[in-house]
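Asker: Just dropping this structure here.
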Amino acid sequence: MRKRIIAGNWKMYKMMDEAKSFVAEVKGRLPETELVEAVICPPSLFLAELVNQSEGTSLKIGAQTMHDAAEGAYTGEVSPNMLADLNVQYVILGHSERRQYFNETDESVNRKVLAAFANGLTPIVCVGESLEEREGGKTVERVALQVNKAFEGVSADQAKEAIIAYEPIWAIGTGKTATAEDANDVCKEIRHEIGKLYDKNTASAIRIQYGGSVKPANIGELLSMEHIDGALVGGASLEADSFVKMIEVAT
Ligand code: PEP
Numbered sequence: 002m003r004k005r006i007i008a009g010n011w012k013m014y015k016m017m018d019e020a021k022s023f024v025a026e027v028k029g030r031l032p033e034t035e036l037v038e039a040v041i042c043p044p045s046l047f048l049a050e051l052v053n054q055s056e057g058t059s060l061k062i063g064a065q066t067m068h069d070a071a072e073g074a075y076t077g078e079v080s081p082n083m084l085a086d087l088n089v090q091y092v093i094l095g096h097s098e099r100r101q102y103f104n105e106t107d108e109s110v111n112r113k114v115l116a117a118f119a120n121g122l123t124p125i126v127c128v129g130e131s132l133e134e135r136e137g138g139k140t141v142e143r144v145a146l147q148v149n150k151a152f153e154g155v156s157a158d159q160a161k162e163a164i165i166a167y168e169p170i171w172a173i174g175t176g177k178t179a180t181a182e183d184a185n186d187v188c189k190e191i192r193h194e195i196g197k198l199y200d201k202n203t204a205s206a207i208r209i210q211y212g213g214s215v216k217p218a219n220i221g222e223l224l225s226m227e228h229i230d231g232a233l234v235g236g237a238s239l240e241a242d243s244f245v246k247m248i249e250v251a252t
């Protein structure tokens with residue numbers, strides 16, 4: 002059985018004090034369970050502090066992005082080995098906001114996925130179609146291409162550990178959620194694509210999240226779907242109470 006994973010993407014929100022209060026509250030309230038992983042991805046400035054604060058608890062910490070190089074003259078960037086050195090465990094890669102505003106491409110996402118594995122980080126690889134692509138019937142084609150590119154050079158053993166987040170761009174931060182059936186259909190296609198790239202075992206091991214306006218009120222229905230193993234949550238992950246509620250529903 003695949004372990005569920007609920008990850009909060011805080012984007013560029015919160016001050017340090019607010020981040021610390023969130024972790025202080027959440028760590029005492031997370032249900033004791035082996036069935037669900039709870040991950041928070043704060044702005045990179047807060048990573049060291051929140052890793053320390055959550056040590057010894059089930060809350061895990063992830064980054065929202067990283068460069069693929071180990072070091073270099075890349076002003077403003079953080080490297081995979083810097084994250085690993087801080088004991089960060091996850092890294093979101095290829096989020097649609099990174100693709101839209103920071104010129105990330107399928108090729109750079111692939112380089113980052115390889116660098117994440119090389120440094121012992123678990124990538125949360127984001128894929129998803131635009132509204133135009135959905136309306137043009139191109140959803141599966143677009144998402145399959147993103148998956149194929151992102152996993153170039155990744156071994157089956159590594160792919161089994163990866164997380165894919167299916168995030169239709171039109172559902173992110175808009176309050177519009179894909180229906181649970183539509184989300185499940187695309188997640189099923191993603192699993193099928195992984196099966197073609199690797200094998201059946203890899204396809205059934207890889208965990209696929211849905212993301213796009215997930216909140217306590219709709220997470221239960223999404224998680225009841227066969228191919229949805231968790232959620233990548235933006236807005237609703239900013240409040241400790243709603244984050245804990247989502248973990249409780251997932252448990
Ligand atoms: C996201 O940032 O990945 C996301 C899905 O945001 P929201 O939940 O706010 O739609």
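Numbering (my numbering), first residue to last: 2 to 252.
Glycine residues also receive a C-beta, built at the ideal position from the N, C-alpha and C atoms.
1) Between the Cα of L94 and those of A116, I7 and N82, spot the shortest distance and give me the residue it belongs to.
2) Pull up the distance between the alpha-carbon of Y211 and that of I191, whole angstroms please.
3) Where A160 and H193 are concerned, what is the direct C-alpha to C-alpha distance, given to the nearest angstrom?
4) May I have a chain-ordered list of the alpha helix (DSSP H) segments no shorter than 4 residues that lie completely inside the segment 139 to 214?
5) Let me check understanding here. Comparing Cα to Cα, which of A71, L198 and A181 lies closest to G221?
6) Confirm, please, whether the CB-CB distance from A151 to I125 is below 8 Å.
7) For V245, write down the residues that DSSP places opposite it in a beta bridge.
8) Cβ of A151 within 7 Å of any heavy atom in the ligand PEP?
9) Examine the ligand PEP and report whether any of its heavy atoms sits within less than 7 Å of the Cβ of A237.
10) Could you tell me whether the Cβ atoms of A39 and I7 are closer together than 8 Å?
11) Three or more beta-carbon pairs under 8 Å between the segment 231 to 242 and the segment 193 to 203, yes or no?
12) Per DSSP, G9 is paired with what?
13) Less than 6 Å between C-beta atoms, sequence neighbours within five positions excluded: which residues of the same chain meet that for E78?
14) Among P169, S156 and A184, which one has its Cα closest to the Cα of A204?
15) Measure the C-alpha to C-alpha separation of T106 and R100 and round it to an integer number of angstroms.
16) Helix, strand or coil: how does DSSP classify L60 here?
17) Return the first residue and the last residue of the beta strand (DSSP E) that P124 is part of.
18) In the DSSP assignment, find the beta strand (DSSP E) that holds L94 and state where it starts and stops.
19) Run the CB neighbour count on T123, radius 10 Å, all protein chains shown included, and call it buried at 16 or more, exposed below.
20) Would you report the Cα separation of T178 and W171, rounded to the nearest angstrom?
21) With DSSP run on the structure shown, which of helix, strand or coil describes S80?
22) By the 10 Å Cβ neighbour count, where 16 or more other Cβ atoms means buried, how is S214 classified, buried or exposed?
Answerer: Straight from the coordinates:
1) In this structure, A116 is the residue among A116, I7 and N82 with its C-alpha nearest to the C-alpha of L94.
2) Between Y211 and I191, the C-alpha separation is close to 11 Å.
3) Cα to Cα, A160 sits roughly 13 Å from H193.
4) Entirely contained in the segment 139 to 214, the alpha helix (DSSP H) runs reaching 4 residues are, in chain order, 140 to 151, 157 to 162, 181 to 198 and 201 to 206.
5) Among A71, L198 and A181, the Cα nearest to that of G221 belongs to A181.
6) With contacts defined by Cβ atoms closer than 8 Å, I125 and A151 do not form a contacting pair.
7) DSSP lists no partner for V245.
8) Outside the cutoff, so no.
9) For the ligand PEP, at least one heavy atom lies less than 7 Å from the Cβ of A237.
10) Yes, the pair counts as a contact, with Cβ atoms nearer than the cut-off.
11) Contact between the segment 231 to 242 and the segment 193 to 203 is absent, with fewer than three C-beta pairs closer than 8 Å.
12) DSSP output for G9 lists I41 and V234 as bridge partner(s).
13) So the qualifying residues of the chain are H68.
14) When only C-alpha atoms are compared, the closest one is S156.
15) Roughly 6 Å separates the two Cα atoms.
16) Three-state result, L60: strand.
17) Where P124 is concerned, the enclosing beta strand (DSSP E) stretches over T123 to V128.
18) Annotation for L94: the continuous beta strand (DSSP E) segment containing it runs Y91 to L94.
19) Its Cβ being crowded by 16 or more others within 10 Å, T123 is buried.
20) Straight-line Cα distance between these residues: approximately 9 Å.
21) Coil at S80, not helix or strand.
22) Buried, because 16 or more other Cβ atoms sit within 10 Å of the Cβ of S214.
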